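If you count the sequence shown from 1, position 264 lands on 289 in our numbering, and the numbers rise without skipping.
The structure appears right after this line, and notes come after that.
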Amino acid sequence: MTRRAGPFPDGHGPAPVQPAVVRPHLRGAENMRVRWNKISRHVGYALLTLPSALASMLLLPLAVVGLLSVAVGGLGLPLVPRMALALRWWTEAHRRSAAQERDETVTARPAALPTGLRAQWRWLLDDPGLRRDLRWIPRFVGTGLLLGLFGLLCAGGLLGTVAVVAGWPLLPDDERTMLGVPVDHWLAALGLGLAQFALLALLTWGVLPGFARWQARDTLAALEPSAEERLAERVGELTETRADVLDAHGAELRRIERDLHDGTQARLVSIAMRLGVARDELPDDTGALATLLREAQEGTEEAMTELRGVIRSMYPPILADRGLAGALTSMVAGSAVPTELDLTGLRDEGPDRRLPAAVEAAAYFVVTETLTNVAKHSGAGQARVTLARSGPRLTVEVWDDGRGGVDESLGSGVIGIRRRVAALDGTVTVTSPTGGPTVVGAELPCGS
């Protein structure tokens with residue numbers, strides 16, 4: 026028996042799949058269909074811009090009337106924000122249409138009024154997108170009218186040419202013209218009709234798509250924010266994000282501090298006590314076992330000391346108990362150098378006014394590290410700590426009357442202060458001429 030050749034050793038199995046062959050005339054027909062769809066889309070976009078541009082001509086006069094109505098009985102107070110919202114919807118529809126014309130995507134802008142009349146007017150005055158919408162109106166009226174009339178010329182001219190060629194005997198004498206030439210017999214109608222149709226088809230096929238895409242690009246350029254505005258919006262977003270991160274970081278710091286204080290530290294204390302009890306149960310305090318127990322107990326106590334230092338450097342427990350003002354008051358009271366504390370610029374830190382935990386820890390670190398340096402190196406007889414909160418910034422300043430001449434290149438604690446503050450996008454300034462005084466200042470972001 027003769028076996029059939031195939032991809033399997035026994036000759037059985039599915040036959041190899043042959044690649045599909047696309048005939049040239051079918052490929053050309055498909056390309057023509059795609060091109061025709063694009064031309065139809067361009068024509069439709071051009072024709073729609075004409076009524077849109079005519080309607081947009083009324084927007085600026087309506088805006089003026091709305092603003093004038095504010096002074097007449099205050100009617101415009103609730104009316105103008107809603108007119109601005111309607112304008113936003115109108116421009117967003119044109120942004121989407123222009124993006125579709127250019128095969129692009131755009132991110133929808135917010136189209137909702139805030140709650141409250143005051144907030145609505147604040148939105149009117151602060152939103153840069155509204156100013157772009159207003160500037161777009163005359164720009165769109167000009168380009169939209171040009172594109173719409175050109176699209177009407179192309180599409181209407183093609184249809185009109187067919188109508189004139191088919192029914193020129195029925196037209197009045199003054200309308201029997203094509204390309205400015207009178208039509209008085211069928212041969213002239215066919216010849217001139219073909220010439221006019223070819224010219225209009227050339228404009229529709231070759232010029233109209235570029236004109237429509239240019240107008241769409243102009244609309245997008247007018248309504249899209251500039252590079253400076255994008256940067257400002259991004260900075261605003263990062264500011265809000267940073268505030269959220271600081272809040273989350275503060276909550277995490279408090280949780281870790283609580284877990285270490287109530288969990289790990291308590292277990293180390295328990296281990297140290299058990300080791301002490303075990304040493305007491307030995308008949309004598311000599312021998313290898315007693316030595317091991319003693320070393321284990323001492324090591325546990327050292328670990329507890331290091332853990333307390335880690336907790337204080339990460340988030341001092343006194344900050345959680347008393348807040349920044351209470352913690353600094355307690356710290357300044359035990360300073361080796363007489364120190365004055367000025368908190369008049371720091372607003373009340375109630376439950377809703379507490380600074381983010383990371384900011385409190387950084388400010389506390391700046392003061393403690395600076396006062397430690399003052400006590401060790403400056404020879405100062407007096408120091409002053411000033412805290413002030415202005416909007417989204419917390420300012421910390423430590424002054425002393427010591428000898429000055431702080432040199433950060435020698436490994437002073439200022440380097441650690443800079444790193445701690447820079448992690449929160451803050452700034453540190455040091456003024457320390459030889460002979461003093463020295464002023465260490467830090468600005469920390471604390472706004473939400």
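Here a beta-carbon is modelled for each residue, glycine too, at the ideal position from N, C-alpha and C.
Quantities reported herein were computed from a predicted structural model and do not represent experimental measurements.
Any 3 or more C-beta pairs closer than 8 angstroms across the region 305-319 and the region 342-358: By the Cβ rule, the region 305-319 does not count as touching the region 342-358, because fewer than three pairs are nearer than 8 angstroms.
Looking only at its chain, what residues have a beta carbon closer than 8 angstroms to the beta carbon of residue 160, apart from the 5 residues adjacent to it on each side? Locating residue 160 in the sequence shown gives position 135, counting from the first residue. The residues 247, in chain order, have a CB closer than 8 angstroms to that of residue 160 in the same chain once the five nearest residues on each side in sequence are set aside.
Residue environment, residue 260, which counts as buried when at least 16 other CB atoms sit within 10 Å: On the sequence shown, residue 260 is found 235 positions in, with the first residue counted as 1. When all chains shown are included, residue 260 counts as exposed.
Three-state secondary structure assigned by DSSP to residue 410: Taking the sequence shown and counting its residues from 1, the one referred to as residue 410 is at position 385. Strand, per DSSP.
Short of 8 angstroms in beta carbon distance, which residues of its chain neighbour residue 107, apart from the five on each side in sequence? Order them along the chain. Position 82 of the sequence shown, counted from the start, is the residue given in the question as residue 107. For residue 107, where only same-chain residues beyond five positions count, the Cβ hits under 8 angstroms are 138.
Out of 412, 245, 229 and 316, state which residue places its alpha-carbon closest to the alpha-carbon of residue 117. Sequence index remark: in the sequence shown, residue 117 carries index 92 (1-based). The residue with the shortest Cα to Cα distance from residue 117 is 245.
Could you round the C-beta distance between residue 322 and residue 300 to whole angstroms and report it? I think they count as a contact, below 8 angstroms. As a first step, residue 322 must be located in the sequence shown, where it is residue number 297. As a first step, residue 300 must be located in the sequence shown, where it is residue number 275. Indeed, because the Cβ distance is near 4 angstroms, the residues count as touching under 8 angstroms.
The beta strand (DSSP E) spanning residue 420 covers which residue range? The sequence position of residue 420 within the sequence shown is 395, counting from 1. Where residue 420 is concerned, the enclosing beta strand (DSSP E) stretches over 418-425.
So does the region 346-362 actually touch the region 384-391, counting three or more Cβ pairs closer than 8 angstroms? yes
Check residue 467 in the structure and name its three-state DSSP category. On the sequence shown, position 442 is the one that residue 467 refers to. Of the three classes helix, strand and coil, the one that applies to residue 467 here is strand, per DSSP.
What first and last residue would you give for the beta strand (DSSP E) that runs through residue 452? As a position in the sequence shown, residue 452 is number 427, starting the count at 1. Counting along the chain, the beta strand (DSSP E) containing residue 452 begins and ends at 452-456.
Can residue 121 and residue 136 be called in contact, C-beta distance under 9 angstroms? On the sequence shown, residue 121 is found 96 positions in, with the first residue counted as 1. On the sequence shown, residue 136 is found 111 positions in, with the first residue counted as 1. No, these two residues do not count as a Cβ contact at 9 angstroms.
Tell me whether the region 399-409 and the region 439-451 touch, counting them as touching only if at least three CB pairs, one residue from each stretch, are closer than 8 angstroms. no
The alpha helix (DSSP H) with residue 397 in it runs from where to where? Counting from 1 along the sequence shown, the entry for residue 397 is found at position 372. Taken as a continuous stretch (DSSP letters only), the alpha helix (DSSP H) holding residue 397 covers 382-398.
Which residue wins for smallest C-alpha separation from residue 167, given the options 262, 393, 79 and 360? Residue numbering aside, residue 167 sits at position 142 when the sequence shown is read from its first letter. Each of 262, 393, 79 and 360 was checked against the Cα of residue 167, and the nearest Cα belongs to 79.
Under the criterion of a Cβ to heavy atom distance below 8 angstroms, does residue 453 qualify as lining the ligand NAD? Questions concerning the ligand NAD fall outside what the structure shown contains, since it holds no ligand whatsoever.
DSSP-derived helix/strand/coil call for residue 34: Position 9 of the sequence shown, counting from 1, holds the residue named residue 34. Caution applies to residue 34, whose pLDDT of 48 falls short of 50 and renders its modelled position unreliable; the value that the coordinates give is listed next. Coil, per DSSP.
How would you label residue 367, buried or exposed, when you count the other beta carbons within 10 angstroms and need 16 or more for buried? Looking up residue 367 in the sequence shown gives position 342. Result: exposed.
Could you tell me the distance, in whole angstroms, from the CA atom of residue 233 to the CA atom of residue 83? Residue mapping note: residue 233 aligns to position 208 of the sequence shown, counting from 1. Residue mapping note: residue 83 aligns to position 58 of the sequence shown, counting from 1. If I take the Cα positions, the gap works out to 27 angstroms.
Look at the alpha carbon of residue 333 and the alpha carbon of residue 441, and state the distance between them as a whole number of angstroms. As a working mapping, residue 333 is identified with position 308 in the sequence shown. As a working mapping, residue 441 is identified with position 416 in the sequence shown. Whole-angstrom Cα-Cα distance: 20 angstroms.
Exposed or buried, which one is residue 294 when buried takes at least 16 other CB atoms within 10 Å? Locating residue 294 in the sequence shown gives position 269, where the first residue counts as 1. When all chains shown are included, residue 294 counts as exposed.
Roughly how many whole angstroms lie between the Cα atoms of residue 126 and residue 91? Taking the first residue of the sequence shown as 1, we reach residue 126 at position 101. Taking the first residue of the sequence shown as 1, we reach residue 91 at position 66. One C-alpha to the other measures close to 33 angstroms.
Which of helix, strand or coil does DSSP assign to residue 46? Counting from 1 along the sequence shown, the entry for residue 46 is found at position 21. Annotation note: pLDDT 48 at residue 46 (below 50); position unreliable, coordinate value reported separately. Coil.
Checking the sheet assignment: what are the DSSP bridge partners for residue 415? The residue labelled residue 415 in the question sits at position 390 within the sequence shown. The partner list for residue 415 (beta bridge, DSSP) reads 418.
Among 461, 417 and 430, which has the Cα closest to the Cα of residue 468? As a first step, residue 468 is located in the sequence shown; it is residue number 443 there, counting from the start. That would be 417, whose Cα lies nearest to the Cα of residue 468.
From which residue to which residue does the alpha helix (DSSP H) around residue 365 run? Position 340 of the sequence shown, counted from the first residue, corresponds to residue 365. Note, residue 365: premise wrong, no alpha helix (DSSP H); beta strand (DSSP E) at 364-370.
Do the region 161-180 and the region 63-79 touch if we need at least three Cβ pairs shorter than 8 angstroms? yes
Got a sec? Which residues, its chain only, sit under 6 angstroms from residue 47 by beta carbon, not counting five neighbours each side? For the purposes of this step, residue 47 is taken as residue 22 along the sequence shown, with counting starting at 1. With a pLDDT of 47 at residue 47, under the threshold of 50, the modelled position of that residue is not reliable, and no figure is offered here.
For residue 17, which option in 423, 129 and 381 has the closest C-alpha, if you only look at C-alpha atoms? Because the chain spans 26 through 473 in this model, residue 17 falls outside it and cannot be assessed.
Buried or exposed for residue 29, please, with buried defined as at least 16 other CB atoms from any protein chain shown within 10 angstroms of its CB. For the purposes of this step, residue 29 is taken as residue 4 along the sequence shown, with counting starting at 1. In this prediction, residue 29 scores a pLDDT of 48, lower than 50, which makes its location untrustworthy; no coordinate-derived value is stated.
For residue 354 and residue 419, I'd like the C-alpha separation in whole angstroms. Start at 1 with the first residue of the sequence shown, and residue 354 comes out as number 329. Start at 1 with the first residue of the sequence shown, and residue 419 comes out as number 394. So the two alpha carbons sit approximately 17 angstroms from each other.
Decide if residue 292 is buried, meaning its Cβ has at least 16 other Cβ atoms within 10 Å, or exposed. Numbered from its first residue, the sequence shown carries residue 292 at position 267. So residue 292 counts as exposed.
Please report how far the alpha carbon of residue 456 lies from the alpha carbon of residue 329, in whole angstroms. Indexing the sequence shown from 1 puts residue 456 at position 431. Indexing the sequence shown from 1 puts residue 329 at position 304. Approximately 38 angstroms between the Cα atoms of the pair.
Bounding residues of the alpha helix (DSSP H) (the contiguous stretch that carries residue 285): By 1-based counting over the sequence shown, the position of residue 285 is 260. Careful: residue 285 lies outside any alpha helix (DSSP H) and carries neither H nor E.
Count the other CB atoms within 10 Å of the CB of residue 425; is the residue buried (16 or more) or exposed (fewer)? Taking the first residue of the sequence shown as position 1, residue 425 is located at position 400. So residue 425 counts as buried.
Have a look at 320, 81 and 281 and flag the residue whose alpha-carbon is nearest the alpha-carbon of residue 296. Here residue 296 is taken as the residue at index 271 of the sequence shown, counted from 1. Considering only 320, 81 and 281, the residue with the shortest C-alpha distance to residue 296 is 320.
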